[in-house]
Each structure stands twice: as C-alpha cells, then as structure tokens.
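In the UniProt record's numbering, the protein residues as written are 1 to 176.
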C-alpha cells in the first residue's frame, strides 16, 4: 500500500507538513479567528466573511470559549441572533485552525444533526479555504456525522443518545 503523492516528492516537503502538526495553539481570540478564517454560507454556492459588526453582542461570549478561567460557557438568547453561527460553527473553525482538538457537537435530534452537518458545516468547510485544506482527503474519514482532519483531530456531530455520549473523550463539547 505504497502511496506516492506528487506534493511529497522531497523529504523537505514531508518535513514541512509534519512540522506544522507540532505548532503550539494560536492565542488568537476566537472572534478574531472566526473573522479571519470562516466563510459564512449564503445559500448553496455563495459565501461571505463572518462579520462581527452584525452581532457585536456575541464577541464577548465567543471569546470566552477559549478563556482559561472558565470551564463552561452557557449562552441563552432568542432565535436567529447569530448564536449557532458564532458559538458553534465559529468555535469549530477556531478549533480546526488555531487549537486542534476532538470536538462533539450535539443537536436536539438525529435529523437536526444531519441538517446542521449538511447545510451549515459542509458548506462552511467548503467555502473556508483554511478549513477545507485541513480536512482529511479520505472518503472514509468524512461523513455526515464524523469529520476527521489531517492533524488527527475529530469532529462528531451527534444527538442526545447513549451511544454518542458513552466512552468518548472530547476536549470541546457544544450542546445546541
């Protein structure tokens, strides 16, 4: 099973890619990372940058997600106010690029988990160049509920069930 990749034709290319896996986490504030790296889907084939000016009240809760002095962040707000876009999708993008770690996102039902994965996350990943280049190219590594990244980190999009919560270790867990 010898796979030769043209981009890895030299040892220096392999070393450069492997060395990138050992970088320390970025200390970039979460809201700044979202602004810099996340493209927000606007329909199936278009996207735009995340704009903090549309939801300035979300910046502090979003930045709290990476603050060391907190073990958890609980945010309650009205519908359609940017909560999922910033606190869930943005935190995922931050985790993929700035501080890779395994993450579990729990939606209310299996149907909602599938919908979130297909209509929001897949489109966000496709339109965000820094995210898409970190996704594992293997078809077996990426499906509706599971996403694997080149650095070995894992994203699970699930729903409240015994099998989703049992015997699993995640550094980040988001409930929506």
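Cβ coordinates follow ideal geometry from the N, Cα and C atoms, glycine included.
Just the C-alpha distance for residue i and residue j, rounded to the nearest angstrom, thanks.
| i | j | result |
| --- | --- | --- |
| residue 91 | residue 62 | 8 Å |
| residue 69 | residue 86 | 20 Å |
| residue 76 | residue 13 | 46 Å |
| residue 153 | residue 51 | 27 Å |
| residue 3 | residue 170 | Reliability fails at residue 3, whose pLDDT of 46 lies under 50, so the model's placement of it is uncertain and no value is given. |
| residue 139 | residue 149 | 12 Å |
| residue 1 | residue 83 | A caution first: residue 1 carries a pLDDT of 40, below 50, which makes its placement in the model too unreliable to give a value. |
| residue 53 | residue 96 | 23 Å |
| residue 15 | residue 23 | 13 Å |
Does the distance from the CB of residue i to the CB of residue j come in under 8 Å?
| i | j | result |
| --- | --- | --- |
| residue 9 | residue 98 | no |
| residue 44 | residue 94 | no |
| residue 145 | residue 41 | no |
| residue 107 | residue 176 | yes |
| residue 38 | residue 89 | yes |
What residues in its chain sit with their C-beta under 7 Å from that of residue i, if we drop five residues either side in the sequence?
| i | result |
| --- | --- |
| residue 5 | Note that residue 5 scores 49 on pLDDT, short of 50, meaning its location in the model is unreliable and no value can be drawn from it. |
Report all residues from its chain with a CB closer than 6 Å to the CB of residue i; omit the five preceding and five following residues, and keep chain order.
| i | result |
| --- | --- |
| residue 173 | 104 |
| residue 147 | 155 |
Who are the near neighbours of residue i in its chain, counting only those whose CB is closer than 8 Å to its CB and skipping five residues on each side?
| i | result |
| --- | --- |
| residue 159 | 106, 107, 108, 109, 110, 112 and 113 |
So what does residue i bridge to, in DSSP terms?
| i | result |
| --- | --- |
| residue 173 | 104 |
Inside the region 32 to 117 only - alpha helix (DSSP H) runs reaching at least 4 residues:
59 to 64, 91 to 97 and 110 to 115
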